[in-house]
Amino acid sequence: KLCEGIINILEKDTKTSCQVACLEALRILSRDKKVLVPVTTKRNMQILMRLAKLDTVEDPLERVSEFPVIVEALKCLCNIIFNSAVAQKLSLELNLAAMLCKLLEKCRDQQSVDDIKCFDLRLLFLLSLLHTDIRSQLRQELQGVQVLTQALESSLSVRWTEEYKAAEDRDRPPLSLQETDCAIEALKALFNVTLDSWNVHSKNESHQFRYMAAILRHCLLTTGPTEDKTEELH
Numbered sequence: 351k352l353c354e355g356i357i358n359i360l361e362k363d364t365k366t367s368c369q370v371a372c373l374e375a376l377r378i379l380s381r382d383k384k385v386l387v388p389v390t391t392k393r394n395m396q397i398l399m400r401l402a403k404l405d406t407v408e409d410p411l412e413r414v415s416e417f418p419v420i421v422e423a424l425k426c427l428c429n430i431i432f433n434s435a436v437a438q439k440l441s442l443e444l445n446l447a448a449m450l451c452k453l454l455e456k457c458r459d460q461q462s463v464d465d466i467k468c469f470d471l472r473l474l475f476l477l478s479l480l481h482t483d484i485r486s487q488l489r490q491e492l493q494g495v496q497v498l499t500q501a502l503e504s505s506l507s508v509r510w511t512e513e514y515k516a517a518e519d520r521d522r523p524p525l526s527l528q529e530t531d532c533a534i535e536a537l538k539a540l541f542n543v544t545l546d547s548w549n550v551h552s553k554n555e556s557h558q559f560r561y562m563a564a565i566l567r568h569c570l571l572t573t574g575p576t577e578d579k580t581e582e583l584h
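Numbering follows our numbering, in which position 84 of the sequence shown is assigned residue number 434; successive positions increment by one, without gaps.
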């Protein structure tokens, strides 16, 4: 009943602070599989997707005041999808992966969106891990390798000297914690999406994988904010 009450409040146009508080409560509750049954309906998933800006594909991310709501909604979706097979199936029906890729593209070259980008990537990682059909959809229909590689490139701030050679800057400062976390989530999602990519058939795929290999090499030469984070990144 508590989850249903929270969802009913979130469906209304309430203040941002109220939305964030409700989403934080729902995120904590969604760690328990037993309370997820009333949440995992198509209607409720759509409410959370709307709050995460996953239903307004064309709208840019302009209102910074809404960013905390987007982040909390993405966190809730991460917990719900991880803990619910029903939610995983609904994700395919609701075309969630495609909307996450669109949101990721809107994050490109935007300021103050690292948290949104990070949890978008985490959700793509979970979907590609838990649902083989979504993994195939990402690879074949949504250009997932390209989208995720670009997200990794952006997180690592790669500069190019040649087509497949990134600039080596020994004096560059370590990545921030947010940049490192985004890069790690992108790497995890890329692993899932490319898991079955043993045979590269087209010229475009060949280019994409050479491009990715150059970024991965750059990643190995990059340090994070701490020794532990650098080890996790590598």
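The C-beta atom is built at its ideal place from N, Cα and C for all residues, glycine as well.
- The Cβ atoms of Glu535 and Asp464 lie no closer than 8 Å to each other.
- The beta carbon of Val543 lies closer than 7 Å to those of Ser478, Arg485, Leu488, Arg489, Gly494, Val495, Leu498 in the same chain, with the five residues before and after it left out.
- Contact annotation, Met395 with Leu444: C-beta distance approximately 6 Å; criterion of less than 8 Å satisfied.
- Leu424 is positioned such that its CB atom lies closer than 8 Å to that of Ala402.
- Distance check between Thr391 and each of Leu537, Ala435, His584 places Ala435 closest, using alpha-carbon atoms only.
- DSSP links Glu512 through a beta bridge to Lys515.
- A direct Cα-to-Cα measurement between Leu398 and Glu512 gives close to 43 Å.
- One Cα belongs to Pro523, the other to Glu581, and the distance between them is close to 16 Å.
- Taking C-beta atoms as the reference points, Leu474 and Ala448 fail to come closer than 8 Å.
- With distances taken between CA atoms, Asp382 lies nearest to Phe432 out of Phe559, Phe469, Cys372, Phe432.
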